[in-house]
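To start, the structure under review is shown below, and the notes come after it.
In the numbering used here, the protein residues as written are 164 to 501.
Okay, structure coming up:
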């Protein structure tokens with residue numbers, strides 16, 4: 164039986180369990196983010212002008228939303244999800260992957276219920292937040308773009324929360340990005356490479372090794388100083404904002420920018436497929452884009468969650484995630500020895 168089939172069998176066994184509001188609902192493991200001001204943006208055309216933004220205290224998910232969490236939503240609601248996805252890379256590694264049959268439970272790049280959910284697009288991500296809000300009574304939502312950058316920086320003024328890392332040697336301790344393992348995985352599975360045009364277009368790979376060729380289980384690397392994982396790597400993350408070509412006229416109060424080209428949805432961060440982008444990098448795929456590189460995490464206004472104590476299902480999820488992380492780390496060590 165294939166790894167993917169084993170994964171799907173265990174997942175469907177999980178989602179066949181009857182759901183009830185309250186103790187059976189997995190909620191995101193949240194971290195408190197202090198309020199403050201920061202200078203948002205950078206020197207590039209689409210991240211300028213640099214401008215001061217005030218952020219109110221809020222809470223953010225420590226991890227990207229996983230397949231296992233998203234499964235509860237689908238089981239409870241039957242929400243229709245895409246049946247096609249850009250999830251099968253080809254030797255033309257640098258080009259947009261073709262749209263082929265694939266779903267959030269059955270795609271070429273997901274093999275574990277504790278990996279971030281992908282192949283859903285922006286609309287189902289928002290629908291999940293709406294459903295979770297309804298069943299928990301807590302108004303979960305996507306982060307705003309300003310909140311995302313503030314969280315990713317974690318108080319730092321450097322390219323990354325851990326420093327500038329000009330040679331991209333330290334980043335593999337913190338993020339799953341295009342690295343030596345990604346190159347090996349691309350060659351072995353797809354006959355592709357990050358060299359040549361990929362180097363010319365996107366910088367190729369880092370010369371360090373994060374030991375993940377493709378998407379990884381969430382939380383496998385060191386968190387930033389806010390205690391948040393995978394902000395720059397693993398998968399890019401949808402935020403609430405519509406697309407605008409730069410920050411001219413952007414909100415300065417940390418709210419979402421809901422005017423502009425709303426046929427495109429802002430994504431922030433990098434992924435396992437890209438060279439590590441900084442905390443300033445942004446993109447804007449079409450709102451109907453369905454791919455295997457895009458996921459999301461959730462936020463809460465601090466005033467809306469007075470009780471931070473996780474319920475029974477969330478505690479169980481946390482324990483299971485920890486065991487999955489330990490097992491994956493052991494596999495990483497075995498791979499290094501071999």
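Ideal Cβ positions, reconstructed from N, Cα and C, are used throughout, including at glycine.
Where residue i falls: helix, strand or coil (DSSP)
i: residue 164; result: Because residue 164 carries a pLDDT of 35, less than 50, the predicted location of this residue cannot be relied on, and the following value inherits that uncertainty. Looking at residue 164 - three-state DSSP - the assignment turns out to be coil, as it is neither helix nor strand.
i: residue 349; result: helix
i: residue 323; result: strand
i: residue 485; result: helix
i: residue 181; result: Its pLDDT being 48, under 50, residue 181 is placed unreliably in this model, and the coordinates cannot settle the point.
i: residue 196; result: strand
i: residue 169; result: In this prediction, residue 169 has a pLDDT of 39, which is less than 50 and means its spatial position is unreliable; nothing more can be read from the coordinates.
i: residue 490; result: helix
i: residue 189; result: coil
i: residue 395; result: coil
i: residue 334; result: helix
i: residue 495; result: helix
i: residue 175; result: In this predicted model, residue 175 has a pLDDT of only 47, less than 50, meaning its place in the structure is not dependable; the value taken from the coordinates is given anyway. Three-state DSSP puts residue 175 in a helix.
For residue j and residue i, believed in contact at Cβ under 8 Å, the rounded distance
i: residue 355; j: residue 252; result: 6 Å
i: residue 424; j: residue 441; result: Not a contact, Cβ separation roughly 23 Å.
i: residue 389; j: residue 196; result: 6 Å
i: residue 409; j: residue 434; result: Contact doesn't hold; Cβ gap of about 23 Å is too wide.
i: residue 308; j: residue 404; result: 4 Å
i: residue 484; j: residue 224; result: No, residue 484 and residue 224 are not in contact; Cβ-Cβ is about 12 Å, not under 8 Å.
i: residue 231; j: residue 480; result: 7 Å
i: residue 381; j: residue 372; result: Contact flag wrong, Cβ pair sits at about 19 Å.
i: residue 292; j: residue 303; result: 5 Å
i: residue 147; j: residue 391; result: The chain is shown only over 164 to 501; residue 147 falls outside these bounds and no answer can be derived.
i: residue 438; j: residue 368; result: 7 Å
i: residue 270; j: residue 455; result: 6 Å
i: residue 459; j: residue 298; result: Contact doesn't hold; Cβ gap of about 18 Å is too wide.
i: residue 400; j: residue 311; result: 7 Å
i: residue 216; j: residue 200; result: 7 Å
i: residue 189; j: residue 419; result: That belief does not hold up - the Cβ atoms of residue 189 and residue 419 are roughly 25 Å apart, past 8 Å.
i: residue 296; j: residue 339; result: Not really, about 29 Å apart at Cβ, beyond 8 Å.
i: residue 233; j: residue 267; result: 7 Å
i: residue 508; j: residue 489; result: Summary: the structure shown does not reach residue 508, with the chain confined to residues 164 through 501, and so no result is reported for it.
i: residue 221; j: residue 426; result: Residue 221 to residue 426, Cβ: 27 Å. No contact.
i: residue 204; j: residue 212; result: 6 Å
Opening and closing residue of the alpha helix (DSSP H) in which residue i lies
i: residue 316; result: 308-316
i: residue 341; result: Counting along the chain, residue 341 falls outside any alpha helix (DSSP H), and DSSP gives it neither H nor E.
i: residue 294; result: 285-299
For residue i: DSSP bridge partner residues
i: residue 305; result: 461
i: residue 264; result: 247
i: residue 279; result: 229
Minimum Cβ-Cβ distance from residue i to chain D less than 8 Å
i: residue 430; result: No chain D is present in this structure, which holds just one protein chain.
*Within the region 198-258, note down every full beta strand (DSSP E) run reaching 3 residues or more, in order along the chain.*
199-203, 214-218, 221-224
*Considering only residues of the region 399-479, which uninterrupted beta strand (DSSP E) runs meet the minimum length of 3 residues and lie entirely inside it, listed in chain order?*
399-406, 424-431, 461-464
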